[in-house]
Amino acid sequence: MVGFEQDIRPLFREFDRTEMEFAFDLWSYEDVKEHADSILERLEAGDMPCDLPWSEEQIERFRQWMAEGMQP
Ligand code: HEM
398 MVGFEQDIRP LFREFDRTEM EFAFDLWSYE DVKEHADSIL ERLEAGDMPC DLPWSEEQIE
458 RFRQWMAEGM QP
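Written as C-alpha cells, this is what we have:
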C-alpha cells in the first residue's frame with residue numbers, strides 16, 4: 398500500500414514546495430489529495446517539476462497512490 402507520508406511526500410523537494418506555494422502545499426496531505434488530478438496531469442506531461450521531470454517509476458508510484466484511494 399502506498400501512503401502519502403511514507404511514499405509520496407518524500408518525492409516533493411523543498412524547491413518544489415516553495416515554487417508551488419502560490420497554488421497548493423505539496424507537503425500537505427489534504428492539498429495534494431485535493432489537487433491530485435492536475436498534479437498527475439502535469440507530471441505525465443513532463444512539464445512539472447519545471448527543472449527535472451519525474452521518472453516513469455516515480456509517476457507510477459503517484460498513480461498507484463491515487464488508485465489505492467490516496468491513503469495518508
Ligand atoms: C513535483 C513538483 C511539482 C508539481 C507536482 C507541480 C504541479 C503543478 C501544477 C498542478 C500546476 C498548475 C497549478 C494551477 O494552475 O493551479 C503548476 C503550475 C506551475 N508550476 Fe509547478 N509543480 C511542481 C514543481 C514546480 C517547480 C520546481 C517549479 C519551478 C519554478 C514550478 C513552477 C510552476 C509555475 C511557474 C506554474 C504556473 C504556470 C503553469 O501553469 O505552467 N513547479 N505546477
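With positions in the sequence shown counted from 1, the corresponding number in the numbering used here is that position plus 397.
A virtual CB, placed ideally from N, CA and C, is assigned to each residue, including glycine.
Length of the line joining the Cα atoms of residue i and residue j
i      : j      : result
Arg414 : Pro407 : 11 angstroms
Phe459 : Glu416 : 20 angstroms
Glu453 : Lys430 : 20 angstroms
Glu457 : Glu441 : 10 angstroms
Leu449 : Glu411 : 14 angstroms
Glu418 : Gly466 : 24 angstroms
Met445 : Arg439 : 5 angstroms
Tyr426 : Gln403 : 11 angstroms
Gln455 : His432 : 17 angstroms
Cys447 : Ala420 : 15 angstroms
Same chain, Cβ closer than 8 angstroms to residue i, five either side skipped, listed in chain order
i      : result
Trp424 : Arg406, Phe409 and Arg414
Gly400 : Trp462, Gln468 and Pro469
Residues near residue i in its chain [Cβ-Cβ closer than 7 angstroms; skip 5 each side]
i      : result
Leu437 : Phe459, Arg460 and Met463
Gly443 : Pro450
Assumed close pair residue i, residue j - CB separation to whole angstroms, cut-off 8 angstroms
i      : j      : result
Asp428 : Asp434 : Contact flag wrong, Cβ pair sits at about 13 angstroms.
Below 5 angstroms from a heavy atom of the ligand HEM - residues by beta-carbon: Asp413, Glu416, Met417, Ala420, Ser435, Ile436, Arg439, Met445, Pro446 and Cys447
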